[in-house]
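Visitor:
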């Protein structure tokens with residue numbers, strides 16, 4: 013590209029037949045007035061998938077084809093191949109270029125905005141081969157650097173590197189391209205653009221209630237049971253999590269359609285009259301129809317959501333606000349199967365120009381600690397953590413988690429104790445929850461009432477009086493109770509439960525009218541992780557303070573401490589087995605490589621075995637017999653340990669079958685669990701006992717231990733036939749092919765781990781990924797409670813060891829053979 017013709021668009025025009033391609037022609041376009049230079053990124057699935065970065069300069073769009081797309085990780089340097097200048101009119105192009113035309117394939121308008129050089133620099137720096145600029149796109153934001161590489165001898169193309177600068181917009185990993193899957197112009201995916209699907213968010217930026225009402229021509233969506241969060245005690249870790257504010261209000265699903273707007277509570281009650289002011293404001297939303305999930309709140313005098321303020325507002329007609337956090341349907345299309353990140357992106361576009369009291373509930377990605385601390389400081393209720401890849405299910409799910417700043421639950425009011433103080437209607441309310449089909453006493457609450465609230469409650473309780481208690485066991489009730497019918501539901505904050513299961517330091521918040529008393533049960537909280545005291549590695553580890561998992565991640569010393577502690581758990585699986593290593597001597601942000609063969613200088617701790625491999629080579633492979641050998645590998649930069657399917661003393665007869673369930677993006681973890689359980693059942697029908705392991709990545713390994721006997725041809729043949737049989741039975745769910753096209757929207761059953769010389773990650777191996785996840789054996793019952801395959805991490809090694817202490821005893825132990833007839 014160094015030699016430019018006088019006409020900067022001559023090359024663009026020469027490469028295209030405008031009678032065939034829908035791309036704009038090469039006619040120059042003049043923009044009116046002085047406007048900031050445009051930034052455009054187009055996702056282009058041509059010969060190979062890439063992202064075309066275009067920056068307006070000198071009246072054209074200067075262009076680079078960025079392999080793998082822009083990365084917000086400053087450690088990632090992305091190849092950006094300079095291409096021909098494009099006309100300014102190309103900035104709005106999205107569509108399909110015919111297959112045999114130049115650049116044939118699908119083009120998505122992936123990002124738009126503006127750009128500017130950093131202070132002291134200019135657009136002319138492009139010609140100098142070094143551009144430092146600030147992106148103001150919808151997705152690309154902050155400072156970036158483009159640097160031209162020195163050409164190699166005979167190289168014709170102009171190669172550049174694109175890198176993110178460390179700033180407030182920087183992050184880790186490929187989350188930018190992994191989560192931004194739809195067009196900023198039309199809301200469509202690449203598949204939808206390719207198939208000609210109508211724009212999802214067409215004209216969504218229009219505002220004005222009249223225009224919105226006029227376009228609302230589709231039927232009103234029906235009620236959809238809401239997705240509910242599971243209570244946990246700590247924030248989850250990993251790149252797939254989004255973190256939102258937990259609002260202190262009423263859950264509300266809003267349906268919009270030709271007949272107007274409806275507001276449903278979480279149980280499906282139509283509370284449109286109570287939420288009328290919010291529903292009237294929904295007239296601004298520019299959609300033919302929609303189903304939106306969110307929270308109705310009222311703000312206190314400090315501007316914080318307050319349940320007490322909400323009750324007063326509902327009673328007196330005070331101001332209400334609506335914080336929308338999910339989009340279930342839009343213009344007649346069901347979105348519940350799409351990933352949350354995509355649904356939120358569509359919702360943000362839909363509400364972009366909608367005014368208060370309607371608000372889009374934004375989120376923080378990957379790390380929710382700062383948000384949680386802010387909620388603590390401001391006195392908010394807590395944080396909701398959601399998997400960005402999760403689909404919307406109408407039930408409680410471990411893909412959504414709630415972490416509360418303070419403990420609070422709902423209780424049924426079952427009675428009250430009279431007050432000895434004049435003018436006070438009662439001393440305390442008696443509370444219960446349903447357990448095992450009956451009401452159980454949970455204690456009392458005597459604070460949190462003002463005079464007006466107490467008097468109103470007393471009037472309601474008087475109408476519900478009864479002579480017999482609604483609970484079977486009253487021994488724990490102290491005083492002279494006045495019993496009532498169990499129909500009122502109170503929300504209560506408290507410090508803790510006693511050993512007897514009774515509340516301590518309870519305080520009344522308010523009545524909840526959105527949930528029947530018959531559905532009030534205690535919230536089950538996930539167990540707290542165990543404490544962790546890092547052991548000192550038993551061999552010398554150099555550069556122990558070197559970060560291996562990003563600047564703020566675990567260090568080499570942390571990794572060595574983990575393997576020091578985990579070695580007794582690992583050795584039954586790793587000892588006497590040929591092993592390969594994934595080494596990252598400088599950390600996962602630098603070069604990593606897979607090493608199968610032992611080299612000189614590794615130390616006396618390392619064992620080896622000479623095996624003739626398929627290519628005829630006889631280089632020795634690793635055999636690790638004890639903890640010292642594992643730690644020596646860590647000292648040499650090893651992070652991951654992968655093992656053969658056979659032992660060193662019987663190399664030609666496998667002692668296990670491994671099926672790796674590898675999901676395509678957007679498939680939820682619950683779907684992978686269901687697939688693993690189905691595989692377990694099919695293999696059980698064949699007489700094989702199996703054990704699951706979460707891999708620390710996205711998938712699950714289903715492992716069948718074997719008594720060595722059948723050779724590699726038998727085990728590989730069985731594995732392949734089994735995987736292909738599952739694919740044939742459910743071709744829309746599974747594939748046994750590595751083909752990228754075949755894997756789209758499916759779970760890949762990787763049966764090739766069962767070939768001679770192939771390896772699979774071993775139990776308790778750390779993975780060389782952001783967050784330092786760990787591959788951990790689990791029981792089938794455990795698998796039902798997990799939220800992801802990468803939930804065990806070096807951030808909390810004690811939790812992994814605590815889990816393993818109750819799991820590993822009989823895991824992977826079964827005497828069974830695989831015969832030729834299988």
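In my numbering, the protein residues as written are 13 to 834.
C-beta: ideal position from N, C-alpha, C; glycine also.
I need the boundaries of the alpha helix (DSSP H) containing residue 120, first residue and last residue.
Guide: As a working mapping, residue 120 is identified with position 108 in the chain shown. Here residue 120 belongs to no alpha helix (DSSP H); instead the beta strand (DSSP E) covers 117–129.
Visitor: Where are the beta strand (DSSP E) runs, 3 residues long or more, that stay fully inside the region 59–143, in chain order?
Guide: Listed in chain order, the complete beta strand (DSSP E) runs (minimum 3 residues) inside the region 59–143 are 61–69, 72–79, 89–98, 107–109 and 117–129.
Visitor: Check for me: the alpha helix (DSSP H) holding residue 646 runs from which residue to which?
Guide: Within the chain shown, the letter at position 634 stands for residue 646. Segment 639–647, the alpha helix (DSSP H) holding residue 646.
Visitor: Under three-state DSSP, which class holds residue 705?
Guide: Within the chain shown, the letter at position 693 stands for residue 705. Strand, per DSSP.
Visitor: Give me, in chain order, the residues of the same chain whose beta-carbon lies closer than 7 Å to that of residue 147; leave out the 5 immediate sequence neighbours on both sides.
Guide: Within the chain shown, the letter at position 135 stands for residue 147. Closer than 7 Å at Cβ, skipping near neighbours: 51, 125, 127, 153, 154 and 156.
Visitor: Just verifying my parser: in three-state terms, what is the DSSP assignment at residue 410?
Guide: Along the chain shown, one-based indexing puts residue 410 at 398. Note: residue 410 maps to strand in three-state DSSP.
Visitor: How about residue 700 and residue 667: are their beta carbons less than 7 Å apart?
Guide: Sequence index remark: in the chain shown, residue 700 carries index 688 (1-based). Sequence index remark: in the chain shown, residue 667 carries index 655 (1-based). Not a contact, by the Cβ cut-off of 7 Å.
Visitor: DSSP three-state call for residue 585: helix, strand or coil?
Guide: Against the chain shown, residue 585 aligns to sequence position 573. Residue 585 falls in the helix class under three-state DSSP.
Visitor: In three-state terms, what does DSSP make of residue 22?
Guide: Taking the first residue of the chain shown as 1, we reach residue 22 at position 10. In this structure, residue 22 counts as helix in the three-state DSSP scheme.
Visitor: Can at least three beta-carbon pairs, one atom from the region 707–717 and one from the region 781–801, be found at a separation below 8 Å?
Guide: Because the criterion of three Cβ pairs below 8 Å is met, the region 707–717 and the region 781–801 touch.
Visitor: In angstroms, rounded to a whole number, what distance separates the CA positions of residue 703 and residue 274?
Guide: Taking the first residue of the chain shown as position 1, residue 703 is located at position 691. Taking the first residue of the chain shown as position 1, residue 274 is located at position 262. Cα to Cα, residue 703 sits roughly 48 Å from residue 274.
Visitor: Tell whether a beta-carbon distance below 7 Å holds between residue 735 and residue 669.
Guide: For the purposes of this step, residue 735 is taken as the residue at position 723 of the chain shown. For the purposes of this step, residue 669 is taken as the residue at position 657 of the chain shown. No, the Cβ-Cβ distance between residue 735 and residue 669 is not below 7 Å.
Visitor: For residue 340 and residue 809, I'd like the C-alpha separation in whole angstroms.
Guide: As a working note, residue 340 is residue 328 in the chain shown. As a working note, residue 809 is residue 797 in the chain shown. Cα to Cα, the separation comes out at about 38 Å.
Visitor: Do residue 336 and residue 372 have their C-beta atoms closer together than 7 Å?
Guide: Translated into the one-based positions of the chain shown, residue 336 becomes position 324. Translated into the one-based positions of the chain shown, residue 372 becomes position 360. Their beta carbons are under 7 Å apart, which means residue 336 touches residue 372 by this criterion.
Visitor: Distance check for residue 455 and residue 890, CA to CA, integer angstroms please.
Guide: An answer regarding residue 890 cannot be provided, because it is not within the stretch 13 to 834 covered by the chain.
Visitor: Quick check: the Cα distance between residue 133 and residue 651, rounded to an integer number of angstroms?
Guide: As a working mapping, residue 133 is identified with position 121 in the chain shown. As a working mapping, residue 651 is identified with position 639 in the chain shown. For residue 133 and residue 651, the distance between alpha carbons rounds to 42 Å.
Visitor: Using DSSP's beta-bridge definition, name the partner residues of residue 590.
Guide: By one-based count along the chain shown, residue 590 stands at place 578. Paired residues: 635.
Visitor: Which first and last residues belong to the alpha helix (DSSP H) in which residue 535 is found?
Guide: Position 523 of the chain shown, counted from the start, is the residue given in the question as residue 535. No alpha helix (DSSP H) holds residue 535; DSSP gives it neither H nor E.
Visitor: To the nearest angstrom, how far is the alpha carbon of residue 728 from that of residue 763?
Guide: Reading the chain shown from its first residue, position 716 is the one you call residue 728. Reading the chain shown from its first residue, position 751 is the one you call residue 763. Each residue's Cα considered, the two are about 8 Å apart.
Visitor: Given that a residue counts as buried once 16 or more other Cβ atoms are within 10 Å of its Cβ, and exposed if not, what is residue 204?
Guide: Here residue 204 refers to the residue found at position 192 when the chain shown is read from its first residue. Residue 204 should be labelled buried.
Visitor: Does the Cβ-Cβ distance between residue 639 and residue 579 come in under 7 Å?
Guide: In the chain shown, residue 639 corresponds to position 627, counting from 1. In the chain shown, residue 579 corresponds to position 567, counting from 1. Taking 7 Å as the Cβ cut-off, residue 639 and residue 579 qualify as a contacting pair.
Visitor: Report the option in 401, 264 and 676 whose CA atom is closest to the CA atom of residue 755.
Guide: One-based indexing of the chain shown puts residue 755 at position 743. If we check each option's Cα against that of residue 755, 676 comes out closest.
Visitor: Given a cut-off of 7 Å, decide if residue 441 and residue 428 are closer than it, judged by their beta-carbon atoms.
Guide: Here residue 428 is taken as the residue at index 416 of the chain shown, counted from 1. Here residue 441 is taken as the residue at index 429 of the chain shown, counted from 1. Yes, they are a contact pair.
Visitor: Under the three-state reduction of DSSP, which class applies to residue 656: helix, strand or coil?
Guide: Working through the chain shown from its first residue, we reach residue 656 at position 644. It is coil, neither helix nor strand.
Visitor: May I have the straight-line CA-CA distance separating residue 239 from residue 398, to the nearest angstrom?
Guide: As a first step, residue 239 must be located in the chain shown, where it is residue number 227. As a first step, residue 398 must be located in the chain shown, where it is residue number 386. If you take the alpha carbons of residue 239 and residue 398, they lie about 11 Å apart.
Visitor: Short check: CB of residue 787 to CB of residue 773, under 7 Å?
Guide: As a working mapping, residue 787 is identified with position 775 in the chain shown. As a working mapping, residue 773 is identified with position 761 in the chain shown. Cβ atoms of residue 787 and residue 773: closer than 7 Å.
Visitor: Taking the alpha carbon of residue 136 as the reference point, which residue from 74, 170, 176 and 182 has its own alpha carbon closest?
Guide: Along the chain shown, read from residue 1 onward, the residue named residue 136 stands at position 124. Comparing Cα positions, the closest option is 74.
Visitor: Do you know offhand how far residue 34's Cα is from residue 53's?
Guide: As a working note, residue 34 is residue 22 in the chain shown. As a working note, residue 53 is residue 41 in the chain shown. Those two C-alpha atoms are separated by around 18 Å.
Visitor: Can at least three beta-carbon pairs, one atom from the region 565–573 and one from the region 614–621, be found at a separation below 8 Å?
Guide: Counting Cβ pairs under 8 Å, fewer than three are found: no touch.
Visitor: Counting beta carbon pairs with one atom in the region 79–92 and one in the region 25–32, are three or more of them shorter than 8 Å?
Guide: The region 25–32 is not in contact with the region 79–92.
Visitor: Answer with buried or exposed for residue 630, where buried requires no fewer than 16 other C-beta atoms within 10 angstroms of its C-beta.
Guide: Position 618 of the chain shown, counting from 1, holds the residue named residue 630. Flag for residue 630 reads exposed.
Visitor: Would you kindly report the start and end of the unbroken beta strand (DSSP E) that includes residue 519?
Guide: Stepping through the chain shown from its first residue, residue 519 is reached at position 507. Taken as a continuous stretch (DSSP letters only), the beta strand (DSSP E) holding residue 519 covers 519–523.
Visitor: Does DSSP put residue 205 in a helix, in a strand, or in coil?
Guide: As a position in the chain shown, residue 205 is number 193, starting the count at 1. Looking at residue 205 - three-state DSSP - the assignment turns out to be helix.
Visitor: On the premise that residue 572 lies in contact with residue 553, defined as a C-beta separation below 8 Å, what is that separation, rounded to the nearest angstrom?
Guide: Residue 553 sits at position 541 when you count from the first residue of the chain shown. Residue 572 sits at position 560 when you count from the first residue of the chain shown. The Cβ separation is near 5 Å, so the contact holds.
Visitor: If I follow the unbroken beta strand (DSSP E) through residue 304, where does it start and stop?
Guide: Taking the first residue of the chain shown as 1, we reach residue 304 at position 292. Start and end: 302–309.
Visitor: Determine contact between the region 406–413 and the region 372–392, defined as no fewer than three beta-carbon pairs at a distance below 8 Å.
Guide: No, the region 406–413 is not in contact with the region 372–392.
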